[in-house]
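A.B. asks: Numbered per the numbering used here, the sequence shown spans residues 227 to 644.
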Amino acid sequence: MAHKLSGKEHRRIERWAKKGELNHLFSFFADQRQTLNVDKPLLIGSQGEEDVFVQGFVPIRKILQKFHYLDSTYNRNTTFRRVYGTQKRSDEERSRLAPSIEGAIHRHFITSFPRLCFLEKVTPCSGRIIHAHAIQEAQLRVYAKDGKVYFPNPRAERSEGLTDFKLLGVNRATTFTGFCTGHDNSIFRPIETVPFIGNPEQVFLYHYRALCKDYYVRLVSKSFFKKMITEFERLNLADQVNYIRNLDAMNELDLSEINMGKPWLDESIKTQSYGALSGCWMRGSGVPGVLATTNLFPPRDLLGRPIPNRKSSRLENWISLTITIESGLPLVLIAGPKTSALLQQLLESIRDTPQVQLSAALCRFALAYSEHFVIIPKWWEGLEKGARRAARLTFNSRYYSDYFKGPFDWTFEKPVFF
Ligand SMILES: [Zn+2]
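Written out as structure tokens, the structure is:
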């Protein structure tokens, strides 16, 4: 089932695209519930020197994902054009391929988790790898439902054209095999067993753990992509092979940057000198609906203002976001190197956000730009259907629309900057 775009709709969309009216465009696509059938290239905006078109049978999710990259003002002097689209396969071909693709994804995804200790070369390592928690387990269990929380998962169900969140066991949702038992117990003790007071060591450890979790996910992706490329080559799926190759190349780039940046952090642990980070933290009341521990390169700040040149010096731009529950209360921490321009703009936007809007701003920010988060069932299941769809739109598009307005039943106190 697909909605065939009419000539009138086509003209209207291109008019919005040329005026840079992204919110109108976003609303149009967000209201669709099925794949679009676009018979000739449809302009949706510009990205730097390129005009961006979609054509063919395009799932709504795929169009919404483009909004993350589109210029906020349309560039009238583009030199290139890029057309995104997919060919529709025959029903017979689909039913032949679908089980092999699904099977391969499942098989390779679950066998792609490496076991290693990120601190192996830093201080003596016990070598017994455990399932380390990215978010404090004991705290999370209190707010789980039958031991489960909602979790965005690449294999999660799609409904109404959008990826959904799935209930998953707390262990599966937040653990990763990236530390040995000795290191996990000793290094993170100051944030696992001592109440948070915002000292440099605690701030550093939250930051370090978020980056290691991100590093780990990229290692999983690397192994997964390699296996999928071989599998798709075997099935003669040239489009899919190219698609995965692109993802693999971007992932490799991230990995090489992390590999260059990590020794500096490891050195801090070795010498126990934790003063190189800057950022802010906030306490509050209630239970945050979205908990996150992640590495960030957001294209926009908390107020939705574009961040210029965020990719030009990524190494200096390592920012972490942690939203967690600590001693029964919310804790938000944003940290990064003092020299990071991206961090400075993020902190500026936190200063500019009225205190009563911090819950909303941080929740949307985490849904849009965090790579790893979990959602607390009580909050999620209490949302109305429309609010849940709006949250999924934010997550699927990574676009800062004003669709998602909560409600949020937690609050934050005045941020403390360091
Ligand atoms: Zn170790």
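Don't be surprised by glycine CBs; every beta carbon is placed ideally from N, CA and C.
(1) Can you name the start and end residues of the alpha helix (DSSP H) that Asn263 belongs to?
(2) Looking at the secondary structure, which residues open and close the beta strand (DSSP E) in which Arg509 lies?
(3) Which residue's Cα is closest to the Cα of Val365: Thr299, Ile551, Ser232, Ser499?
(4) Leaving out five residues before and five after Tyr188 in sequence, what residues of the same chain have Cβ atoms less than 8 Å from its Cβ?
(5) Under 9 Å, do Leu290 and Ala256 count as touching if we go by C-beta distance?
(6) Just list the alpha helix (DSSP H) runs in the region 394-422, keeping only unbroken ones of 4 residues or longer that don't cross its boundaries, in chain order.
(7) Answer with buried or exposed for Gly274, where buried requires no fewer than 16 other C-beta atoms within 10 angstroms of its C-beta.
(8) Looking only at DSSP bridge pairs, what is Ala561 linked to?
(9) Is any heavy atom in ligand 1 found nearer than 8 Å to the beta carbon of Leu345?
(10) CB-CB under 7 Å to Ser539, same chain, minus the five flanking residues each way: which ones, in chain order?
(11) Along the chain, where does the beta strand (DSSP E) that runs through Phe377 open and close?
(12) Check whether the Cβ of Cys357 sits closer than 8 Å to any heavy atom of ligand 1, and report yes or no.
(13) Distance, Cα to Cα, Trp636 vs Ser511?
(14) Between the region 517-530 and the region 412-427, do three or more beta carbon pairs fall short of 8 Å?
(15) What does the alpha-carbon distance come out to for the pair Ile336 and Glu363?
(16) Starting from the Cα of Leu251, find the closest Cα among Leu296, Pro340, Pro563 and give me that residue.
(17) Examine ligand 1 and report whether any of its heavy atoms sits within less than 8 Å of the Cβ of Phe405.
(18) What does the Cβ neighbour count give for Lys439, buried or exposed, with the cut at 16 atoms within 10 Å?
(19) Suppose the cutoff is 8 Å on Cβ atoms and the five residues either side in sequence are ignored; what does the same chain contact list for Gln428 look like?
(20) Can you tell me which of the three DSSP states Lys292 falls into?
(21) When the Cα atoms are used, what is the spatial distance from Phe620 to Pro350?
(22) Please state whether the Cβ-Cβ distance between Trp544 and Pro563 is less than 9 Å.
(23) Rounded to the nearest angstrom, what separates Gly501 and Ser546 at their Cα positions?
(24) Quick one: is the Cβ of Cys351 within less than 8 Å of any heavy atom of ligand 1?
(25) Which of the three DSSP states, helix, strand or coil, is assigned to Arg241?
(26) Measuring only the C-alpha atoms, how far is Lys292 from Asp410?
(27) Could you check the C-alpha separation between Gln258 and Ser553 for me, to the nearest Å?
(28) Got a sec: does ligand 1 put a non-hydrogen atom nearer than 8 Å to the Cβ of His332?
C.D. replies: Looking at the coordinates:
(1) Taking the sequence shown and counting its residues from 1, the one referred to as residue 263 is at position 37. Careful: Asn263 lies outside any alpha helix (DSSP H), inside the beta strand (DSSP E) at 261-273.
(2) As a position in the sequence shown, residue 509 is number 283, starting the count at 1. First-last of the beta strand (DSSP E) with Arg509: 503-511.
(3) By 1-based counting over the sequence shown, the position of residue 365 is 139. Contrary to the premise, residue 365 reads as Gln rather than Val in this sequence. Comparing Cα positions, the closest option is Ile551.
(4) An answer regarding residue 188 cannot be provided, because it is not within the stretch 227 to 644 covered by the chain.
(5) Taking the sequence shown and counting its residues from 1, the one referred to as residue 290 is at position 64. Taking the sequence shown and counting its residues from 1, the one referred to as residue 256 is at position 30. Their beta carbons are under 9 Å apart, which means Leu290 touches Ala256 by this criterion.
(6) 396-400, 407-413, 415-418
(7) The sequence position of residue 274 within the sequence shown is 48, counting from 1. It is exposed - the Cβ of Gly274 has fewer than 16 other Cβ atoms within 10 Å.
(8) The residue you call residue 561 lines up with position 335 of the sequence shown. The partner list for Ala561 (beta bridge, DSSP) reads Gly505, Ser546.
(9) Looking up residue 345 in the sequence shown gives position 119. Within the cutoff, so yes.
(10) Within the sequence shown, residue 539 is the residue found at index 313, counting from 1. For Ser539, the predicted model reports a pLDDT of 48, less than 50, meaning its position is unreliable; a value from the coordinates is still stated below. There are no such residues.
(11) For the purposes of this step, residue 377 is taken as the residue at position 151 of the sequence shown. Element bounds for Phe377: 374-378.
(12) Your numbering for residue 357 matches position 131 in the sequence shown. The question names Cys, yet the displayed sequence has His at residue 357. False, no ligand heavy atom lies under 8 Å from that Cβ.
(13) As a position in the sequence shown, residue 636 is number 410, starting the count at 1. As a position in the sequence shown, residue 511 is number 285, starting the count at 1. Roughly 6 Å separates the two Cα atoms.
(14) no
(15) Along the sequence shown, one-based indexing puts residue 336 at 110. Along the sequence shown, one-based indexing puts residue 363 at 137. Between Ile336 and Glu363, the C-alpha separation is close to 22 Å.
(16) Numbered from 1 along the sequence shown, position 25 holds the residue referred to as residue 251. Selected option, being the one with the closest Cα: Leu296.
(17) Mapped onto the sequence shown, residue 405 falls at position 179. Checking every heavy atom of ligand 1 against the Cβ of Phe405, one is found closer than 8 Å.
(18) Residue mapping note: residue 439 aligns to position 213 of the sequence shown, counting from 1. That one is buried.
(19) Here the question's residue 428 lines up with position 202 in the sequence shown. The answer, listed in chain order, is Pro416, Ile417, Val420, Phe422.
(20) Locating residue 292 in the sequence shown gives position 66, counting from the first residue. Lys292: helix per DSSP, three-state reduction.
(21) Residue 620 sits at position 394 when you count from the first residue of the sequence shown. Residue 350 sits at position 124 when you count from the first residue of the sequence shown. Position check: residue 620 holds Thr in this sequence, whereas Phe was assumed. Going from the Cα of Thr620 to the Cα of Pro350 covers about 43 Å.
(22) Here residue 544 refers to the residue found at position 318 when the sequence shown is read from its first residue. Here residue 563 refers to the residue found at position 337 when the sequence shown is read from its first residue. Yes, the pair counts as a contact, with Cβ atoms nearer than the cut-off.
(23) Start at 1 with the first residue of the sequence shown, and residue 501 comes out as number 275. Start at 1 with the first residue of the sequence shown, and residue 546 comes out as number 320. Spanning the two alpha carbons is a distance of roughly 16 Å.
(24) Along the sequence shown, one-based indexing puts residue 351 at 125. Yes, the Cβ of Cys351 comes within 8 Å of a heavy atom of ligand 1.
(25) The residue you call residue 241 lines up with position 15 of the sequence shown. Correct three-state label for Arg241: helix.
(26) Counted from its first residue, the sequence shown places residue 292 at position 66. Counted from its first residue, the sequence shown places residue 410 at position 184. Lys292 and Asp410: Cα-Cα distance of roughly 39 Å.
(27) As a position in the sequence shown, residue 258 is number 32, starting the count at 1. As a position in the sequence shown, residue 553 is number 327, starting the count at 1. In a straight line, the C-alpha of Gln258 is about 43 Å away from that of Ser553.
(28) Here residue 332 is taken as the residue at index 106 of the sequence shown, counted from 1. No, the Cβ of His332 stays beyond 8 Å of every heavy atom of ligand 1.
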